[in-house]
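Just so we're aligned, residue 1 is where the sequence shown starts under my numbering, counting upward by one. By construction, the Cβ of each residue, glycine as well, lies at the ideal position given by its N, Cα and C atoms. The structure presented is a predicted model; accordingly, all values stated were derived computationally and were not measured. One structure below.
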Amino acid sequence: MMTEARGLSDLTPLTRRLSGSVDLRRVQWLSHAILIVLLFLTIVPVILLLLFSFKNNTQFYNQRFELTLPLYVDNYTRAWNADIGKYMLNSMLYTVGGVALTLVPASLSAYVFARLRFFGKEVLFYMVLGLLMIPGVLTLIPSFILIIDLKLLSTRWAFWLPYAAGGQAFAILVLRTSFSGLPEDLFESARVDGAREIRIFWSIVLPLSLPILGTLALLQANVIWNDLIWPLTINTNPELKPVMAGLMIFTGIFRTNFGPLFAGYVLASLPMIALFAFTSRLFIRGLMSGAIRM
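Below, the structure is given as structure tokens:
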């Protein structure tokens with residue numbers, strides 16, 4: 001009896017390990033299934049958008065979900081000739097300017113909060129964090145009134161300044177956490193060598209923080225490129241319309257001609273798709289470094 005009891009007791013840890021591995025496999029299978037479903041829901045709309053962009057109206061109505069020949073590449077020519085290129089150029093200017101005006105002051109502010117000591121630093125930092133709790137929609141009317149008072153309505157600055165201001169709080173939070181996680185020995189060695197704070201910031205902090213800066217740049221670029229409400233609010237000049245506002249004009253021009261309309265949607269999506277495709281590794285590195293330091 002004692003031998004049998006000892007044998008059963010020896011089997012108990014093995015049984016637990018086997019049951020644990022089975023549970024782990026179930027979790028992995030479930031997570032993989034969820035990821036496959038999400039991938040399907042993400043890719044299918046993109047494939048359909050490409051498919052529709054090469055059809056004429058007859059093909060669209062009669063063979064909507066089939067690959068049809070000939071492919072109407074002329075849809076892209078018609079979309080481009082309808083000023084989609086001008087709208088995309090405007091969006092690129094707003095995106096580059098908005099990202100630069102966001103990251104430059106945010107990185108400097110984050111360095112001050114992370115590495116310098118002064119009275120009221122924590123209170124001021126939490127006041128900045130409090131801005132994250134204010135929905136952007138609530139600031140729409142006050143920002144519009146401010147733009148009018150500054151006489152910036154229907155100018156490029158009416159795009160750049162609000163985008164830069166709106167991204168400060170989140171960027172400061174992420175960058176402060178990243179800068180605080182850098183080794184203290186680097187800063188002490190630089191100060192011993194006589195480096196000033198601006199030199200330390202430029203030569204040490206920024207090079208070591210390129211992944212997280214790149215991640216923030218991509219996130220902010222995506223927000224600016226896809227924004228529609230603010231451009232419709234502060235701009236009445238057709239020459240300054242960004243691509244999302246320009247697509248609304250497309251809806252009116254090609255209301256009954258779906259091929260050029262979908263071609264315009266594809267062209268408007270290409271810059272962001274290309275940006276994320278070529279910088280995906282930097283984006284993932286930034287997310288991982290931020291997660292580890294947090």
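Nearest to residue i by alpha carbon, out of the options?
i, options, result
"Tyr94", "Asn235, Leu24, Ala82 and Arg115", "Asn235"
"Phe258", "Ser31, Met92, Ala79 and Phe125", "Ala79"
"Tyr111", "Arg199, Ile249, Asn81 and Leu161", "Arg199"
"Ile284", "Gly214, Ser203, Met92 and Asp149", "Gly214"
"Ser203", "Glu66, Asn62 and Phe187", "Phe187"
"Trp225", "Val205, Ser209, Pro207 and Leu247", "Leu247"
"Ser280", "Ala245, Thr77 and Leu219", "Leu219"
"Ser143", "Gly130, Trp160, Val128 and Leu129", "Trp160"
Reducing DSSP to helix, strand and coil, say where residue i ends up.
i, result
"Ile134", "coil"
"Gln63", "coil"
"Val73", "coil"
"Pro105", "helix"
"Gly167", "coil"
"Asp83", "helix"
"Phe357", "Outside the shown range of the chain, which is 1 to 294, sits residue 357, and nothing can be said about it."
"Thr155", "coil"
"Asp149", "helix"
"Met2", "Any reading at Met2 must be qualified, since the residue scores a pLDDT of 46, below 50, and its modelled position is unreliable; the value itself is stated next. It is helical."
Rounded to whole angstroms, what's the CA-CA distance from residue i to residue j? Just pull it up for me.
i, j, result
"Lys151", "Ile145", "10 Å"
"Ile134", "Arg176", "20 Å"
"Pro295", "Tyr126", "Residue 295 cannot be examined here, being either before or after the span of the chain that is shown, 1 to 294."
"Ser107", "Gly181", "14 Å"
"Glu197", "Leu206", "12 Å"
"Phe179", "Val73", "49 Å"
"Ile84", "Glu184", "50 Å"
Using a Cβ-Cβ cutoff of less than 7 Å, which residues in the same chain neighbour residue i once the five nearest sequence positions on both sides are dropped?
i, result
"Leu216", "Leu103, Ala171 and Val174"
Just to confirm, is the Cβ distance from residue i to residue j under 8 Å?
i, j, result
"Asn75", "Ala263", "yes"
"Gly166", "Gly136", "yes"
"Ala245", "Pro260", "no"
"Leu140", "Thr233", "yes"
By Cβ distance below 8 Å, which residues in the same chain neighbour residue i in space, the five residues on each side in sequence not counted?
i, result
"Arg191", "Ile200"
"Leu67", "Leu51"
Compute the minimum distance between the beta carbon of residue i and the heavy atoms of the ligand ADP, and state whether it is under 7 Å.
i, result
"Ala106", "You won't find the ligand ADP in this model; it holds no ligand whatsoever."
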